[in-house]
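Inspection log for the structure reproduced underneath, given as structure tokens.
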Amino acid sequence: MIDRLSEIMITYEITATVQAELIESYENYMIDRHIPHLMETGCFATAIFSRNNARYRIRYEAHDREALSRYLKEHASRLRDDFADHFPTGIELSRDTWDVLTAFYSE
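Quick note: the sequence shown uses our numbering, first residue 751, plus one each step.
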């Protein structure tokens, strides 16, 4: 059986290119600190952290645009500052926002 997504969601996606000497500390920081702190904001339902060599993608799913706006207004600056304190150089970031049209799930 295939189940379709029944509510509109927003994907907030960050792509990071990490210098080789920072990979281990970056992964540890993201898994142990940054992603858990971001999820504690209550603005996102899920986070998926993926890697392809030294490129990383973090996909956060917000229930709606208001939740994403709340994150950007109330929390993003603090979390970005903490990230910059830990990694002042050596990581290139890009951010994108996507409207999820639909999603399909299998059993």
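Beta carbons are placed, not taken as given, at the ideal position from N, Cα and C, and that holds for glycine.
Cross-strand partners of residue i (DSSP beta bridge)
i      : result
Ala797 : Tyr810
Leu843 : Ala766
Asn802 : Arg805
Local Cβ density within 10 Å of residue i, reported as buried at 16 or more and exposed below that
i      : result
Glu858 : Because the chain is modelled from 751 through 857, residue 858 falls outside the range shown and cannot be assessed.
Val850 : exposed
For residue i, three-class secondary structure by DSSP
i      : result
Glu735 : The question about residue 735 has no answer, for the chain in this structure spans 751 to 857.
Glu763 : strand
Phe837 : coil
Cβ pair residue i, residue j closer than 8 angstroms
i      : j      : result
Phe794 : Ile781 : no
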